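Peer 1:
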Amino acid sequence: MTRVFPSEKQQTPCYGRPMRNGTRARRAAVVAAVVLVVATTARGADYWVKNGGNDGLDGLSVANAWATLVHAAAAVGAGDTVHVLDGSYQ
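Under my numbering, think of the first position of the sequence shown as 224, with each following residue one higher.
1) Based on Cα-Cα distance, which residue from A298, S284 and L292 lies nearest to G310?
2) Just to confirm before moving on: does the CB-CB distance between N287 and L280 stay below 8 Å?
3) According to DSSP, is T304 part of a helix, a strand, or is it coil?
4) Quick check: what's the CA-CA separation for V307 versus R249?
5) Pull up the distance between the alpha-carbon of A295 and that of A251, whole angstroms please.
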C-alpha cells in the first residue's frame with residue numbers, strides 16, 4: 224500500500240481538474256506580467272496648442288501645434304495631455 228503525504232496530493236480547483244504543483248503561481252505570474260505590459264503601454268498622447276498654430280495639423284509637437292483650445296478639447300481623449308504655450312487665446 225502506497226502512502227500519500229498531504230504535500231504530495233494534487234490540488235483540485237473548483238472546476239474539477241487536477242492542478243499540478245506551482246500552476247497557481249505560474250498563472251499569477253502570467254497575469255501580473257500582462258497587467259504590467261498593458262499598464263506601461265496604455266499611455267495617453269501629448270498634444271500642443273500655440274498662437275499661430277494650425278488646427279489642420281496633428282498637434283503632436285510644438286512645430287505641429289493646434290491653434291485653438293476648442294479644437295484641442297474636441298480632439299483629445301481620456302488620458303491625453305494638452306500643453307498650452309504662452310499666449311492669448313479666445
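Where is the CB? At the ideal position from N, CA and C, for every residue including glycine. Keep in mind that this is a model prediction, so the values were computed, not measured.
Peer 2: Inspection of the coordinates gives the following:
1) By one-based count along the sequence shown, residue 310 stands at place 87. If we check each option's Cα against that of G310, L292 comes out closest.
2) Taking the first residue of the sequence shown as 1, we reach residue 287 at position 64. Taking the first residue of the sequence shown as 1, we reach residue 280 at position 57. Yes.
3) Residue numbering aside, residue 304 sits at position 81 when the sequence shown is read from its first letter. Strand.
4) As a first step, residue 307 is located in the sequence shown; it is residue number 84 there, counting from the start. As a first step, residue 249 is located in the sequence shown; it is residue number 26 there, counting from the start. Their backbone Cα atoms lie some 46 Å apart in a straight line.
5) Locating residue 295 in the sequence shown gives position 72, where the first residue counts as 1. Locating residue 251 in the sequence shown gives position 28, where the first residue counts as 1. Going from the Cα of A295 to the Cα of A251 covers about 41 Å.
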